[in-house]
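*Asks:*
Chains as they are written, first to last, in our numbering: chain V, -15 to 69; chain L, 97 to 598.
1. Tell me whether the beta-carbon of residue 549 of chain L lies closer than 8 angstroms to the beta-carbon of residue 529 of chain L.
2. With a cut-off of 8 angstroms, do at least 3 Cβ pairs link the stretch 337 to 354 of chain L to the stretch 296 to 309 of chain L?
3. For residue 355 of chain L, which option in L:343, L:366 and L:384 has the closest C-alpha, if you only look at C-alpha atoms?
4. Am I right that residue 108 of chain L and residue 322 of chain L are in contact with their C-beta atoms under 8 angstroms? What's the rounded C-beta distance?
5. Residues of chain L with CB under 7 angstroms from residue 4 of chain V, in chain order?
6. Quick one: what's residue 458 of chain L bridged to in DSSP?
7. Along chain V, in chain order, which residues have C-beta atoms closer than 8 angstroms to that of residue 336 of chain L?
8. Beta strand (DSSP E) containing residue 415 of chain L: first to last residue?
9. Since residue 622 of chain L contacts residue 163 of chain L with CB under 8 angstroms, what's their CB separation in whole angstroms?
10. Going by CA-CA distance only, name the one from L:441, L:391 and L:310 that's closest to residue 413 of chain L.
11. Taking 8 angstroms as the CB-CB cut-off, is residue 44 of chain V touching chain L?
12. What residue range is occupied by the uninterrupted beta strand (DSSP E) comprising residue 403 of chain L?
13. Beta-carbon separation of residue 507 of chain L and residue 572 of chain L under 8 angstroms?
14. Note down, in chain order, every chain L residue with its Cβ under 8 angstroms from the Cβ of residue 23 of chain V.
15. Could you spell out where the beta strand (DSSP E) holding residue 535 of chain L opens and where it closes?
16. Any idea if residue 104 of chain L is buried or exposed, counting beta-carbon neighbours within 10 angstroms, 16 or more meaning buried?
17. Could you tell me whether any Cβ in chain L is nearer than 8 angstroms to the Cβ of residue -6 of chain V?
18. Would DSSP call residue 242 of chain L helix, strand or coil?
19. If you drop the 5 nearest sequence neighbours on each side, which residues of the same chain put their C-beta closer than 8 angstroms to that of residue 227 of chain L?
20. In the DSSP assignment, the beta strand (DSSP E) including residue 349 of chain L goes from what residue to what residue?
21. Taking 8 angstroms as the CB-CB limit, is residue 358 of chain L close to chain V?
22. Counting only runs of 3+ residues fully inside the stretch 194 to 244 of chain L, write out the beta strand (DSSP E) ranges in chain order.
23. Classify residue 40 of chain L: buried if its beta carbon has 16 or more other beta carbons within 10 angstroms, exposed otherwise.
24. Taking residue 3 of chain V and residue 563 of chain L to be in contact with their CB atoms under 8 angstroms, please state how far apart those CB atoms are, rounded to whole angstroms.
25. If we cut at 8 angstroms on Cβ distances, does residue 265 of chain L have a partner in chain V?
26. Measure from the C-beta of residue 559 of chain L to each C-beta in chain V and report whether the shortest distance is under 8 angstroms.
27. So, is residue 542 of chain L buried or exposed, given that buried needs 16 or more other C-beta atoms within 10 angstroms?
28. Along chain L, which residues have their Cβ under 7 angstroms away from the Cβ of residue 17 of chain V?
29. Might you give, ordered along the chain, the residues of its own chain that have their beta carbon closer than 6 angstroms to the beta carbon of residue 446 of chain L, omitting 5 neighbours on each side?
30. Which residue comes first and which comes last in the beta strand (DSSP E) that contains residue 498 of chain L?
31. Could you please tell me which residues of the stretch 483 to 509 of chain L, in chain order, have their CB closer than 7 angstroms to any CB of chain V?
32. Going by C-alpha distance, which of L:547, L:574, L:555 and L:570 is nearest residue 582 of chain L?
33. In chain order, what residues of the same chain have a beta carbon less than 8 angstroms from the beta carbon of residue 433 of chain L, not counting five sequence neighbours either side?
34. Pick helix, strand or coil for residue 420 of chain L, following the three-state DSSP scheme.
35. Quick check: the Cα distance between residue 50 of chain V and residue 57 of chain V, rounded to an integer number of angstroms?
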């Protein structure tokens, strides 16, 4: 289910890595690394986006594929951090 | 004279036997397993190849299967052509065509595989899909994938025979295939083993892609020493990589400047127990001094080797012995065993302190560029390799890099030809003129910037240029910045002044 948070994350990735506003270019569960959408430096930029635009601090040990490798995983991670705050 | 790398591998593997050779995800292959896989790959590839010396292109990410295919091709007297797994199919198809590859082997899960395998099949290439698995049946599955070929008995490869072609960015943007012989690979691996002191007690961690000469050298130097090599798919999760350094008791780790910037940027290395880590190596461009200082500060007991090299020299040309790091900070050190370094201007050696072009000779210098005698003659002259890098030596003979004599952008550790970027951008509708240049980048050292003159009346924006580049270029080559200007800065003779574009 795509909500505003999913859209915000997906739009950031579409705009900065796929250079399009066609939402069908990126499925919510697509692996960002597996599909070659971002590389290791791109992942670091996504962390900055999460911290600065979404207001969630990412601890070093939270930088794992389960939290970051797709739009839905990032959204779930951000939601759980917001709830815990 | 150094023998074939395959022969060295066989000797090391026989000594190592059941000891672990490669670890990747859930898979652990011993030297016996690897020998079995290599033997299967050699038969499977040679039986499908039209002749000895035929080229075998590999689109396989770092994995035990990649290693078996690479060494299998070499053992069978074929030429391995490892493709850059980050590149787009259109670029790779040109390389396959350029080296007239007879066989393309690739992972079916690679995003570019469908397009590349179709292009290769059209070009008359035998296409062999494999499915690299990381479970207990990985070896069995690999042998099944390669089965079905008739054994061909050839002489074992000799030192002077061509072993591998590595494509690198040339100044013209057209494919440039560095030809490395079995002897080149064996000589460079032996040199690296010697100065790093790699033994069968070592366990390295490799995050560098094997298609890249530095990653290639990490692979050979471990296998030829009978050491163990742990393969990590990427550095996207630096914390996991450092965790692995700790948990797996890694003794050696190789990186480029951005590798260490990523690790230090997100991890406090002091919080980890890295007591078994013996050394770090850094190559692939100059690492900023503050980064070197921080690395030494966080890991004071670990030897840091600053190194310099080129694909044209197989990989390694010089290294700075860690004991000299303080008093020779900024230097890339001295020649590795078996290599001679000189700094020349107009064909003559220049005295200490004077800048010239760095030249090298020795057993690891390439045979030339594949099917390109003009380009080969430009860099191989009178037995010396002209590196295209400018540098000087101090009174003690230590080498310092002062820049490049040819236009080239270095993103992370990858050389990027401005012409290649310009050719791609020029094809975007609405582009009148384009020029690509390097721009400073905090993490990668340099990134690509393009400056574009719009065609009159054209509706063209930054996103359209980047989207086109994304479709046609590897991710790291996509311009970070697209700037629009009304006229290009030119010299009086009409040449674009790239340096004014940054």
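All C-beta atoms in this analysis are idealised placements derived from N, C-alpha and C, irrespective of residue type, glycine included.
*Replies:* Straight from the coordinates:
1. yes
2. yes
3. L:384
4. 4 angstroms
5. 563
6. L:435
7. 47 and 48
8. 412 to 416
9. Since the first residue shown for chain L is 97 and the last is 598, residue 622 of chain L is missing from the structure and cannot be characterised.
10. L:310
11. yes
12. 399 to 405
13. yes
14. 182, 330, 332, 571 and 572
15. 527 to 537
16. buried
17. no
18. helix
19. 203, 204, 205, 237 and 241
20. 348 to 351
21. yes
22. 199 to 203 and 222 to 226
23. Limits of chain L in this structure are 97 at one end and 598 at the other, which puts residue 40 of chain L out of reach.
24. 4 angstroms
25. no
26. yes
27. buried
28. 330 and 332
29. 439 and 452
30. 495 to 500
31. none
32. L:547
33. 286, 287, 290 and 291
34. helix
35. 6 angstroms
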